[in-house]
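Protein chains in written order, with my numbering: chain R, 91 to 377; chain H, 1422 to 1580.
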């Protein structure tokens, strides 16, 4: 999977036609083979753009930032990224007419060791669902190319006894340093003020105690329930390497089993499971 | 002493670990204004006894209950939470409890996933006419949580 040439060509044409102010893409770091996001405003920088298996980040995150707001933006999206873009469009955070979307039919990206990322091995929406131009051959005629499976890590944890799970998660919460990188890297966390900061007594509540981490991560994952697209930007950003996807995948599984038969952001205009209800929702856990 | 406290912190659900004999659970009750709060009022005016461990918070509707309330209650070392609202179809705001029901299922499963016993957080539908039912619900929740013992989680930290 290497679309470097096509993307450079598209970006150069867009700049030449004056259709965009900024292009958001990937470039290789100066020191190794890994890639970092790059915002290009000068057509002379277009040759910096690359796209291959190492293009792991979700660039939609950059659409919520100051420097792309109210500008015409060209952006590269993979399958999962396009789902988060779909949600941002639905939630009126981005204007479609200001975007030029280069969709990718993704074959999965790799981590630093060259292994396929776990979310890519489980991915069932590899093709971009929003795009102006689609690169690559779609792997199936339909949007969803497989049946949903429970994440293997979540499955393993479900089989552990409760006390063991509690101890395990306590380790996770102890590892959190409350840097909020997960929140900043998440394309769907765009609030100016965030409730996990707990504005009263910020000095204490922002501290990196397990209780503060429990509060912050649980609240954060509930706010993303029914919206998380499993791009794992949060995990890539986490300096403590916490398994943050577990909380999201757990919520996603409950929502998928009980409320809706599709994943977040796949359907255009669908606002997520918590914005609607059904009379047939499970009621047996309520006295 | 320090080592013991550390041990308690790690095992969130170790039943009745070092619970003093006179320990009583602290339960947060979040009740909707139109049904459950009126129901609890009826329990009182009907002179029906129920355990005094519950601390009641009145909210306009069960869909006002952000999952954050439950997380925050447990973080601030309540031993359990009871959320109660109108029966499906009876919501004063037509559909509030349907929205709430979805969130409750997800947060209940998520708390269970990270190591809380499923009885720590409980939900009920109590109408304004169900005074005896409210007393039964509170009795059941209190009994469940007494069985589980104190939630040692983060008690060391001051809130």
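Glycine included, C-beta positions come from ideal geometry on N, C-alpha and C.
Extent of the continuous alpha helix (DSSP H) run through residue i
i	result
residue 324 (chain R)	323-327
residue 275 (chain R)	271-275
residue 237 (chain R)	No alpha helix (DSSP H) holds residue 237 (chain R); DSSP gives it neither H nor E.
residue 313 (chain R)	300-313
residue 361 (chain R)	Segment: none, residue 361 (chain R) is in no alpha helix (DSSP H) and carries neither H nor E.
residue 1462 (chain H)	1457-1466
residue 54 (chain R)	With chain R covering 91 to 377 only, the question about residue 54 (chain R) has no answer from this structure.
residue 253 (chain R)	252-265
residue 1490 (chain H)	1488-1496
residue 134 (chain R)	Where residue 134 (chain R) is concerned, there is no enclosing alpha helix (DSSP H), given that its DSSP letter is neither H nor E.
residue 340 (chain R)	335-348
residue 317 (chain R)	Per DSSP, residue 317 (chain R) belongs to no alpha helix (DSSP H) and is neither H nor E.
Cβ-based neighbour list, residue i, same chain, cut-off 8 Å, excluding 5 preceding and 5 following
i	result
residue 329 (chain R)	267, 269, 271
residue 106 (chain R)	133
residue 149 (chain R)	114, 115, 116, 127, 165, 166, 167, 171
residue 1470 (chain H)	1556
residue 158 (chain R)	112, 114, 129, 152
Bounding residues of the beta strand (DSSP E) (the contiguous stretch that carries residue i)
i	result
residue 1448 (chain H)	1448-1453
residue 225 (chain R)	223-225
residue 1546 (chain H)	1542-1546
residue 1572 (chain H)	Unbroken run through residue 1572 (chain H): none, as it is neither H nor E.
residue 127 (chain R)	125-130
residue 1480 (chain H)	1475-1480
Paired residues, beta bridge with residue i - DSSP
i	result
residue 164 (chain R)	R:113, R:190
residue 1506 (chain H)	H:1546
residue 206 (chain R)	R:200
residue 118 (chain R)	R:125
residue 1501 (chain H)	H:1448
residue 217 (chain R)	R:195
residue 376 (chain R)	H:1544
Buried versus exposed, by CB contacts within 10 Å (16 or more), residue i
i	result
residue 1580 (chain H)	Here residue 1580 (chain H) scores only 37 on pLDDT, less than 50, and its place in the model should not be relied on; the value that follows carries that caveat. Exposed.
residue 126 (chain R)	exposed
residue 365 (chain R)	exposed
residue 1424 (chain H)	Any reading at residue 1424 (chain H) needs caution, since the residue's pLDDT is 41, under 50, leaving its predicted position unreliable; the model's value is listed next. Result: exposed.
residue 95 (chain R)	exposed
residue 1543 (chain H)	buried
residue 92 (chain R)	exposed
residue 1507 (chain H)	buried
residue 317 (chain R)	buried
residue 241 (chain R)	buried
residue 121 (chain R)	exposed
residue 260 (chain R)	buried
residue 1455 (chain H)	buried
residue 1566 (chain H)	buried
residue 51 (chain R)	Here chain R has residues from 91 to 377 only, and residue 51 (chain R) is not among them.
Spatial neighbours of residue i in its chain, beta-carbon cut-off 6 Å, leaving aside the 5 residues before and after
i	result
residue 1554 (chain H)	1547
residue 198 (chain R)	206, 210
residue 1545 (chain H)	1505, 1558
residue 1499 (chain H)	1447, 1449
residue 324 (chain R)	272, 275, 276, 334
residue 1572 (chain H)	1500
residue 180 (chain R)	359, 361
residue 162 (chain R)	110, 111, 188
Proximal residues to residue i (C-beta, below 7 Å), its chain only, five neighbours per side dropped
i	result
residue 1486 (chain H)	1451, 1480, 1504, 1521
residue 236 (chain R)	214
residue 202 (chain R)	124
residue 185 (chain R)	none
residue 280 (chain R)	154, 183
message = Please list, in chain order, the residues of the stretch 331-363 of chain R that have any C-beta partner in chain H closer than 9 Å.
response = 336, 337, 340, 341, 343, 344, 345, 348, 349, 363
query = Which residues, taken in chain order from the stretch 1540-1574 of chain H, show a beta carbon closer than 8 Å to some beta carbon of chain R?
reply = 1543, 1544, 1545, 1546, 1558, 1561, 1574
key: Interface residues of the stretch 1477-1489 of chain H facing chain R [CB-CB below 9 Å]   = 1487, 1488, 1489
query = Mind listing which residues of the stretch 1507-1530 of chain H have their C-beta closer than 8 Å to chain R's C-betas, in chain order?
reply = 1509, 1516, 1519, 1520, 1522, 1523, 1524, 1525, 1526, 1527, 1528, 1529, 1530
request  = Check each residue of the stretch 265-288 of chain R: if its Cβ is closer than 8 Å to any Cβ of chain H, include it; give the result in chain order.
outcome  = 285
request  = Select from the stretch 297-309 of chain R all residues with a C-beta closer than 7 Å to any C-beta belonging to chain H, and list them in chain order.
outcome  = 299, 300, 301, 304, 305, 308, 309
message = Counting only Cβ-Cβ distances shorter than 9 Å, please list the residues of the stretch 311-326 of chain R near chain H, keeping chain order.
response = 311, 312, 313, 315, 316
request  = Anything in the stretch 229-260 of chain R with a Cβ closer than 9 Å to a Cβ of chain H? List those residues in chain order, please.
outcome  = 244, 247, 248, 252, 253, 254, 255, 256, 257, 258, 259, 260
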